[in-house]
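Visitor:
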Amino acid sequence: MKINQWPLIFQRDVFSFKVLKQELTSNEIDEIKLQYKQVWNDWKTVNLQTALSLDLGKPKIESWTNGWKIRDHFWTCYRIGDVNPCIGILVNRQQLQVYLMYQNYKSETRSITETEYQAALQSGLSKWSASVNKPDYFVWHNTDDEFKLHPKLADYLKQRDDETVMIGKIWQFPIADSFDYQTEVSKAIKELLPLYQAVLAEYQL
31 MKINQWPLIF QRDVFSFKVL KQELTSNEID EIKLQYKQVW NDWKTVNLQT
81 ALSLDLGKPK IESWTNGWKI RDHFWTCYRI GDVNPCIGIL VNRQQLQVYL
131 MYQNYKSETR SITETEYQAA LQSGLSKWSA SVNKPDYFVW HNTDDEFKLH
181 PKLADYLKQR DDETVMIGKI WQFPIADSFD YQTEVSKAIK ELLPLYQAVL
231 AEYQL
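If you're matching positions, the sequence shown starts at 31 in this note's numbering and goes up one per residue.
What follows is the structure in structure tokens.
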């Protein structure tokens with residue numbers, strides 16, 4: 031399956047099974063589930079293959095459904111130890127993202143608070159940004175809509191703020207046919223890894 035087929039599955043207004051059951055027949059819903067599983071299995075396979083080129087263990091791959099709705103995006107992540115910061119990979123109807131983030135889910139059970147993450151990230155950001163091609167990277171707040179156009183890293187460095195941010199690469203669909211998922215995603219992860227490790231090192235993790 032080609033990568034530009036992935037976002038097509040999210041081109042819908044309704045994701046709740048409760049609402050879908052009110053609007054569609056059982057056969058139509060089964061067809062949607064089948065399509066989702068096909069795309070998700072492709073997503074899962076390529077991410078597991080990508081993991082083989084990294085030394086970060088098996089990624090956490092979020093299911094295509096949480097039980098009461100189908101997802102409006104697919105997400106996976108790499109986490110070092112039992113900490114809240116992680117490197118996420120997300121695909122939605124508009125874009126593919128690879129980024130360093132702070133995950134709030136179950137944050138009370140893991141190490142490094144949101145405030146600690148942001149402080150450590152800001153401490154290591156200037157040094158890290160000098161080692162990458164800045165035009166390739168974007169910065170956005172944890173609270174921003176994932177479909178919003180995000181500012182470039184270079185612009186953020188000129189005017190930082192105290193809000194928790196995510197930093198990463200974004201590819202807008204349609205993506206060029208020459209795009210190699212495993213190559214580009216593993217490259218982005220490897221480039222983000224020193225910043226991730228710097229955040230953890232601040233707290234001797």
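All C-beta atoms, glycine included, are put in the ideal place defined by N, C-alpha and C.
Am I right that Ser-46 and Trp-98 are in contact with their C-beta atoms under 8 Å? What's the rounded C-beta distance?
Guide: 7 Å
Visitor: If you reduce the DSSP assignment to three classes, tell me which class Val-49 lands in.
Guide: helix
Visitor: Return the chain-ordered list of same chain residues with a C-beta closer than 7 Å to the C-beta of Val-215, the five sequence neighbours on each side being excluded.
Guide: Closer than 7 Å at the Cβ level, and outside the excluded window around Val-215, lie Thr-80, Ile-119, Val-128.
Visitor: Can you give the Cα-Cα distance for Leu-82 and Ile-91, rounded to whole angstroms?
Guide: Each residue's Cα considered, the two are about 15 Å apart.
Visitor: Hey, out of Asn-96, Lys-88, Asp-174, Ser-141, whose CA is closest to Lys-48's CA?
Guide: The alpha carbon of Lys-48 has as its nearest neighbour, out of Asn-96, Lys-88, Asp-174, Ser-141, the alpha carbon of Asn-96.
Visitor: Quick check on Leu-126: does DSSP put it in helix, strand or coil?
Guide: strand
Visitor: At what residues does the beta strand (DSSP E) containing Trp-105 begin and finish?
Guide: Element bounds for Trp-105: 104-108.
Visitor: Please classify Lys-178 as buried or exposed, where buried requires at least 16 neighbouring CB atoms within 10 angstroms.
Guide: With fewer than 16 Cβ atoms within 10 Å of its Cβ, Lys-178 is classed as exposed.
Visitor: Below 7 Å CB to CB, which residues in the same chain sit around Tyr-66 once its five sequence neighbours on both sides are set aside?
Guide: Ile-39, Trp-94, Ile-100
Visitor: Sorted by chain position, which residues of the same chain lie with C-beta nearer than 8 Å to Gln-124's C-beta, five sequence neighbours on each side aside?
Guide: Pro-37, Phe-177, Gln-202, Phe-203
Visitor: Using 8 Å for Cβ pairs, my map puts Ile-59 next to Phe-209. What's the rounded Cβ distance?
Guide: With a Cβ gap of about 32 Å, Ile-59 and Phe-209 do not count as contacting.
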